[in-house]
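Since the structure comes first, as structure tokens, the remarks are kept for the end.
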Amino acid sequence: MTGGLLSRRTHFAAVTFLGQIGGLLPALAAALLLPADGVRSADLLWGALSGVGSGTAMQCLNRGLSRGAMSVVVPLSAVTGVALSVLCGVLLLGDRPTPLAWVGIAVTVPGLWFVAGGDGDGGGGVPDGLLAGAGVAVQYIALAQADAASGLWPVAAGRVAAVLVLLPGAVRHARRLRIPAGRCAEALLVGAGAALGLVLYLLAAQRQLPAVTVVLASLCPALPVVLGLALLHERVTRRQSAGLLGAAVATVLLTLG
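Just so we're aligned, residue 737 is where the sequence shown starts under my numbering, counting upward by one.
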């Protein structure tokens, strides 16, 4: 979401491409630091597919948010990403969440929508939200297929793939890449933070069902609201309050399940 807000001041193509560049070096460093027992070509291919998904998701998300459709793009992408990931995990990968986890998943979907303020208006953001959600699902499901013995190399492979996927668009918008140093640094930091998130997700997915890990990872839209309440004393609507309560309940249920 930070990248999307930055895209309101800088062209979304520049923010997305620089963000993936910013995530590449930290991912490579993490892969080198964490020992890997054996890296197979299949693990790198799964990681690369994950990177294609994340690059596409970030491009669509930043494009949608740059157009001001935050109330549509954020909840729609979050809910679509969760729904597709859970369906793939259960129908294709054989995941079998516990009854408690199923209740947590069911609570998460409306909770995400309410937290992000989704109300179904502003149809202009729907295509971007749906595409971003599909990209998120590909990112999470593909990354979860990498063997634990490969360490963090799938994440590094994904960052390389994301850069390559976005490169043609960056070339087309080459002039847009000439942005002030401060905004360039912001975009790089956003990408580094996203890479760290993927590293933590992969480590969690190696110890938990992908369907459950995806839902927990997708609760991130609640964090900006919580920070706004705690640090900026912002007001939240009743819908957001209900969503925050739902997110808290879902987290407990998924953890216990």
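Each residue gets a CB set at the ideal place from its N, CA and C atoms; glycine is no exception.
*asked:* Can you tell me whether Ala882 is helix, strand or coil according to DSSP?
replied: Walking along the sequence shown from the start, residue 882 turns up at place 146. Secondary structure at Ala882: coil, using DSSP grouped into helix, strand and coil.
*Would Leu829 be called buried (16 or more neighbouring beta carbons within 10 Å of its own) or exposed?*
For the purposes of this step, residue 829 is taken as residue 93 along the sequence shown, with counting starting at 1. Exposed is the call here.
*alpha helix (DSSP H) containing Leu924: first to last residue?*
Along the sequence shown, read from residue 1 onward, the residue named residue 924 stands at position 188. In this chain, the alpha helix (DSSP H) harbouring Leu924 covers Ala917 to Ala941.
*Using the rule of at least 16 other Cβ atoms within 10 Å of the residue's Cβ for burial, across every protein chain shown, is Arg799 buried or exposed?*
In the sequence shown, the residue the question calls residue 799 occupies position 63. It counts as buried.
*Within 8 Å (strictly less), CB to CB, does Thr973 reach chain C?*
The question asks about chain C, but that chain is absent: this structure has only one protein chain.
*Pick helix, strand or coil for Gly887, following the three-state DSSP scheme.*
As a first step, residue 887 is located in the sequence shown; it is residue number 151 there, counting from the start. Under the three-state reduction of DSSP, Gly887 is assigned to coil, being neither helix nor strand.
*Please go through the same chain and pick out, in chain order, the residues whose beta-carbon is closer than 7 Å to the beta-carbon of Val899, but skip the five residues on each side of it.*
By one-based count along the sequence shown, residue 899 stands at place 163. When the five nearest sequence neighbours on each side are left out, the beta carbons in the same chain lying within less than 7 Å of the beta carbon of Val899 are those of Gln756, Ile757 and Leu760, in order along the chain.
*For the alpha helix (DSSP H) holding Arg799, just list the boundary residues, first then last.*
As a working note, residue 799 is residue 63 in the sequence shown. Element bounds for Arg799: Ser777 to Ser802.
*Going by C-alpha distance, which of Leu764, Thr834 and Phe753 is nearest Leu902?*
In the sequence shown, counting from the first residue as 1, residue 902 sits at position 166. Selected option, being the one with the closest Cα: Phe753.
*Report the three-state DSSP secondary structure of Ala746 (helix, strand or coil).*
Counting from one through the sequence shown, the residue named residue 746 turns up at place 10. Reading off the sequence shown, one finds Thr at residue 746, where the question assumed Ala. Correct three-state label for Thr746: coil.
*Might you give, ordered along the chain, the residues of its own chain that have their beta carbon closer than 7 Å to the beta carbon of Leu780, omitting 5 neighbours on each side?*
By 1-based counting over the sequence shown, the position of residue 780 is 44. In the same chain as Leu780, and ignoring 5 residues on each side of it, the C-beta atoms closer than 7 Å to its own belong to Trp889, Pro890 and Ala893, in chain order.
_Considering Cα atoms alone, identify which of Leu801, Leu769, Asp831 and Ala763 is closest to Gly783._
As a working note, residue 783 is residue 47 in the sequence shown. Among Leu801, Leu769, Asp831 and Ala763, the Cα nearest to that of Gly783 belongs to Ala763.
_Top-ranked residue by Cα proximity to Leu879, from Val751, Ala940, Ser977 and Val815_ = In the sequence shown, the residue the question calls residue 879 occupies position 143. The residue from Val751, Ala940, Ser977 and Val815 with its alpha-carbon nearest to that of Leu879 is Ala940.
*State the Cα-Cα distance for the pair Thr816 and Ala793, rounded to the nearest angstrom.*
In the sequence shown, residue 816 corresponds to position 80, counting from 1. In the sequence shown, residue 793 corresponds to position 57, counting from 1. Straight through space, the alpha carbons of Ala793 and Thr816 are spaced by roughly 11 Å.
_8 Å Cβ cutoff met for Gly789 and Val874_ = Mapped onto the sequence shown, residue 789 falls at position 53. Mapped onto the sequence shown, residue 874 falls at position 138. Yes, Cβ-Cβ distance for Gly789 and Val874 is below 8 Å.
*asked:* If distances are taken between C-alpha atoms only, which option among Gly787, Ala882, Leu742 and Leu770 comes closest to Ala931?
replied: In the sequence shown, the residue the question calls residue 931 occupies position 195. Distance from the Cα of Ala931 is smallest, within the candidate group Gly787, Ala882, Leu742 and Leu770, for Gly787.
_Pro835 (DSSP reduced to helix, strand or coil)_ = The residue you call residue 835 lines up with position 99 of the sequence shown. In this structure, Pro835 counts as helix in the three-state DSSP scheme.
*Compute the Euclidean distance between the alpha carbons of Ala895 and Gln795, then round it to the nearest angstrom.*
For the purposes of this step, residue 895 is identified with residue 159 of the sequence shown, where counting begins at 1. For the purposes of this step, residue 795 is identified with residue 59 of the sequence shown, where counting begins at 1. The identity of residue 895 in the sequence shown is Arg, whereas the question assumes Ala. If I take the Cα positions, the gap works out to 14 Å.
*Status (buried if at least 16 other CB within 10 Å, exposed otherwise) for Val907*: For the purposes of this step, residue 907 is taken as residue 171 along the sequence shown, with counting starting at 1. Val907 comes out exposed.
*Taking buried to mean at least 16 other C-beta atoms within 10 Å of its own C-beta, is Pro771 buried or exposed?*
By one-based count along the sequence shown, residue 771 stands at place 35. Exposed: under 16 other Cβ atoms inside 10 Å.
_Distance between Thr973 and Asp712 (C-alpha atoms, nearest Å)_ = For residue 712 there is no data in the structure shown, the boundaries of the chain being 737 and 993.
*Rounded to whole angstroms, how far is the Cβ of Leu823 from the Cβ of Ser813, which I believe are closer than 8 Å?*
On the sequence shown, position 87 is the one that residue 823 refers to. On the sequence shown, position 77 is the one that residue 813 refers to. A Cβ-Cβ separation of about 16 Å leaves Leu823 out of contact with Ser813 under the 8 Å criterion.
*Beta-carbon spacing of Phe850, Arg975 below 8 Å*: Within the sequence shown, the letter at position 114 stands for residue 850. Within the sequence shown, the letter at position 239 stands for residue 975. For the pair Phe850 and Arg975, the CB atoms are nearer than the 8 Å cut-off.
*DSSP-derived helix/strand/coil call for Pro762*: Against the sequence shown, residue 762 aligns to sequence position 26. In the three-state reduction of the DSSP assignment, Pro762 falls in the helix class, which pools H, G and I.
*Distance between Pro904 and Arg745 (C-alpha atoms, nearest Å)*: The residue labelled residue 745 in the question sits at position 9 within the sequence shown. The residue labelled residue 904 in the question sits at position 168 within the sequence shown. Distance between the alpha carbons of Arg745 and Pro904: 22 Å.
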